[in-house]
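Be aware that the first sequence starts at 21, since it is given in our numbering, and climbs by one per residue.
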Amino acid sequence: MDRYNFKLVEQKWQEHWLNKKKFKSKIDKNKKKFYCLEMFPYPSGKIHMGHVRNYTIGDVLSRYKTLKGFNVLHPMGWDSFGMPAENAAKENNLNPKTWTEKNIKVMKSQLQMLGLSIDWDREISTCAPEYFKHQQKLFLDLYDKGLVYRKESYVNWDPIDKTVLANEQVIDGKGWRSGAIVERKKLNQWFFKISQFSEDLLNNLKILDHWPDKVKTMQKNWIGKSYGCEIDFQIVGSEKIKSIKCYTTRPDTLFGFSFLALSVDHPISKNYENNEDFIKFKKECSKTGTTEESIAQAIKIGFKTKLMAVNPLDNNSKVPVYFANFVLMDYGFGAVFGCPAHDQRDFDFAKKYNLQIKTVVKPSDEKDTYKVQNEAYSGPGIMINSQFLNGLIAPEKSIDETIKILEKKNLGKRKTNYRLKDWGISRQRYWGCPIPIAYDEKNNVVKIPEKDLPVNLPKNVNLNTNGNPLDAEKEWQAVKINGKKYRRETDTLDTFVDSSWYYLRFCSSQNKEKPFDYNEIDYWMPVDQYIGGIEHAILHLLYSRFFMRAISLDNKNTKITEPFEGLFTQGMVCHETYKDENNNWINPEEVFSDDGKNYYLNKNPSKKVIVGPSESMSKSKKNTIDPEKIILRYGADAVRLFILSDSPPEKDVQWSDTGISASYKFIQKLWMLNEKIFNNKKKFSKFDEDLEKFTNQIIQKFNQDLERFRFNVVIASIYKLYSFYNSQTNKDDWGSNFYKNYINILKIINPIIPHFSSESLEKLKYGEDTIRWPDIDKKYLQKESYNIVTQINGKKRKVFSINKSINKEKLIEEIKNDDQIKKYLDNKQIIKTIYIENKLINFIIN
RNA sequence: GGGGCGAUGGCGGAAUUGGUAGACGCGUCGGUCUUAGGAACCGAUAGAGCAAUCUGUGAAGGUUCGAGUCCUUUUCGCCCUACCA
């Protein structure tokens, strides 16, 4: 018997699939469509195990649905604009485009090595003009719809590198490269009006039944709807400033009002621009970093003004106005009213500046004399010390009542607020999609006409400049529109824009005229199953949901608002971490172990390696496994099998050498079984009912588990099938129904190990086009005998195998007289007998 | 601070609606074959006990004839989020 030569077999089928365009998809209205999409990769160089897991899951699903008779769309592309290309280009002194295209080539061939069922004719790359041309058109469409606007906004500015930093490039408030303390700089930038859809984006989460609750909760929190009230506080002590607006969710605590706090960026701060103490204070505030610890430990500081705010419910009460470091400008009105007794932040602030702490809510089991002591009380209770509000139940009733009073007196009004802010899309970078806008000499905005699209990036740009490389490209900036001279916008689009509509482009990716063809969208959209990492739970998915709405707005051609019908977020791939005695990370390939516990360096076996916890694979910790090497050694089918087998797909999986080699060995064993079967000389005379039952029952379970993404359980079933069929071949008579069932087995494993399955079926003269998912014969799902668990007082005592036809009374009588059961029942009285049909009998005795 | 998820053998994990806890894999142990094996095959494998049997799903209560599963409290771990007024 020959060993299974995965190299030959896998290569053969991959070439076949590719050359015959086996996964090419086109509209077929007679068939139900299934759009399966995995988050497309950033072409960073090579694929990693995370990709392998992501794309294997999608591929299993696509192939399964195809076998089930669906018309499947399964495309792939490249999220190819972004900073890594720009950084790599800087370091190696080459063009980002060259770098990116080289990576795409490598990664595409690696994905093909996995045997993915992708329609490569639909391949897209976001950095290609054929793609971003349409994106620029979409930008202009949204501009026309009033969903794009320009405003001044802060960026992180590195004063040494003289460049704008992305949030992730700011570490502990310092630039990642220069180490300079990052400054905030105001720039005119472009925004998408995502906040226009806040309510709709929130509401529609409810209908996304096939999304994980976790992701929906995260989006809900991100949108952050709150119910409250805006209050206009009258100000005394200033000629210019008459009133300040605040947003609050607890207007009922107004009688505990003891200060009013403003953000240092509040418009009122303009009046203090020449105040040296204020300048100093503002500087002090900006020192507080953006890291978790610094925020958690941040001490509350304030700058007292001469202004006094009047309590709208009690005009005799006037409290000081401060600037404070804990007030954010971009939420509410950048001003809060302080009620120290019932808000911990206000409490801390009041303690520091010796402000009054007046208790206005007591827990319901406390007396009216209750006083807040060491920390603020924010729980429910009863209003006290609040004149006409006294006795009301807080917070619901008291808030409602207060708002009514404020509205009646015209001092405030009910308001719903959202945390979701508009999406800033300007990036001061080279390697991104140019914004199709120009300016005249007075800085007025003009759109680049559609006929002049795409706006391409200039070639041969010096990337080692300060700031945005495009700022230095004066020649490129100069543009003529209808004979008039203009200056191009130099900001490029956030790469999240690229990925916010790519799922639409896939539907008609080769259409040169339009971003997408509404006929195609109408058929393929929405994406039935979207698969990717949880790290995109908020931004990418929310932006895509926004984009779909923006495109559909006032659009008679489509009403689709939700792009992704189903969402699945897979877990990460982890590996143990290794370090040497000098605390340097070591790659798993550089170590070995004899017992799986103690590890040593390959090049120096006397040196022990320190084994750290298993963590998600990352270059920085060097605990990565190169998929290509693994595929070359074990084969794509073994890799696919293993990546799905050890853990549920939504959880992290631990990469292990023993695991992958077990999968490899299993495929070898399966092939041995094949050989045994192909070369058999046994009988097939008698219909084998057990074989029929077992196979039908397993296929049934297989089906259900696949639909529920329970791949690890599916694979357990494959192992069971193997051992069943293997033992069957040891019999003299394999059964007249043997082949039919075995072929069904080879079919259902096709989505998981397609090369092996296709090869095996071909040997049995089954061409791949004839493969269909087998139907289940329901009559073999019925059981004729059951195991009856017999319990005494809920404790298992014996299991009886019974025939289905036996009647209840007779069965109970028989079991009572069984020797093993009888001994428990002797001299005891049966109080109750619980009988669950075909499952269980429980005798309750005293 | 807020929100979410989870805790089952030596390990990863199984267990429709509450109904035989530990499927399947890894590892370990024993055996067969072999000059040899880090190969292959067979068997065992939650713990305790010679056994009958007893104990077991982080901990403590509760509901129930019956709880890994439902409820309350609690401990630990992980993830997300972050001064959101």
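Heads up, the beta-carbon is just placed ideally off N, CA and C, and yes, glycines get one too.
Check                                                                                                                           : Outcome
Continuous alpha helix (DSSP H) stretch holding K462: start and end                                                             : Here K462 belongs to no alpha helix (DSSP H), and DSSP marks it neither H nor E.
Bounding residues of the beta strand (DSSP E) (the contiguous stretch that carries T325)                                        : G322 to N331
First and last residue of the uninterrupted beta strand (DSSP E) at A355                                                        : A355 to G358
Nearest-angstrom Cα separation, counted from K815 out to I865                                                                   : 12 Å
Segment contact flag, the stretch 555-564 with the stretch 234-242, C-beta cutoff 8 Å, min 3 pairs                              : yes
Host beta strand (DSSP E) of F369 (start-end)                                                                                   : It is not in any beta strand (DSSP E) - F369 instead sits in the alpha helix (DSSP H) that spans Q364 to Y373.
7 Å CB neighbourhood of S572 in its chain, flanking five on each side removed                                                   : T578, K579, I580 and T581
Nearest-angstrom Cα separation, counted from N837 out to S821                                                                   : 15 Å
N187 versus Q239: straight-line alpha-carbon distance, rounded                                                                  : 20 Å
Beta-carbon separation (whole angstroms), R569 vs D220, contact threshold 8 Å                                                   : 7 Å
Beta-ladder partner(s) of P340, from DSSP                                                                                       : M328
Contacting residues, own chain, Cβ-Cβ under 7 Å from V92 (five flanking each side not counted)                                  : S45, F54, C56, S82, K85 and T86
Contacts around S446, its chain only, beta-carbon distance under 6 Å, and the 5 residues preceding and following it disregarded : Q209, W210 and D511
Close beta carbons around L333, own chain, < 6 Å, minus the five adjacent residues each side                                    : L274
Three-state secondary structure assigned by DSSP to Y620                                                                        : strand
Sequence-distant residues of the same chain with beta carbon closer than 7 Å to D460, five excluded per side                    : V466 and Y506
Where the alpha helix (DSSP H) containing Q720 begins and where it ends                                                         : E709 to E727
Runs of beta strand (DSSP E) wholly within the stretch 643-706 (minimum 3 residues, chain order)                                : none
CB-CB length for L711 against N643, believed under 8 Å                                                                          : Incorrect: roughly 45 Å between the Cβ atoms, too far for contact.
Residue nearest to Q130 in terms of C-alpha spacing, selected from I738, T678 and A656                                          : A656
7 Å Cβ cutoff met for T749 and K713                                                                                             : no
Exposure of P669, with buried meaning 16 or more beta-carbon neighbours within 10 Å                                             : buried
Contiguous alpha helix (DSSP H) assignments of at least 4 residues, all confined to the stretch 522-552                         : 522-525 and 538-544
Range of the contiguous beta strand (DSSP E) that encloses R83                                                                  : Premise fails: R83 lies in the alpha helix (DSSP H), M69 to L87, not in any beta strand (DSSP E).
Per-residue DSSP class, three states only, for A557                                                                             : coil
DSSP-derived helix/strand/coil call for K52                                                                                     : coil
Closest by C-alpha distance to L693, when choosing among D614, T118, I719 and I763                                              : I763
Own chain residues within Cβ distance below 7 Å of Y373, not counting five before or after                                      : G322
Identity of the residues DSSP links to F279 by a beta bridge                                                                    : G358
Three-state secondary structure assigned by DSSP to C305                                                                        : helix
Under 7 Å between C-beta atoms of V80 and P535                                                                                  : no
Per-residue burial, R728 [other beta carbons within 10 Å of its own, 16 or more giving buried]                                  : exposed
The stretch 619-627 in contact with the stretch 581-591 per 3-pair CB rule at 8 Å                                               : no
Close Cβ partners of K110 (< 7 Å) along its chain, the five nearest in sequence each way excluded                               : L483 and N484
Environment of H230 [buried if 16+ CB atoms lie within 10 Å]                                                                    : exposed
Rounded separation between S137 and Y169 - CA only                                                                              : 42 Å
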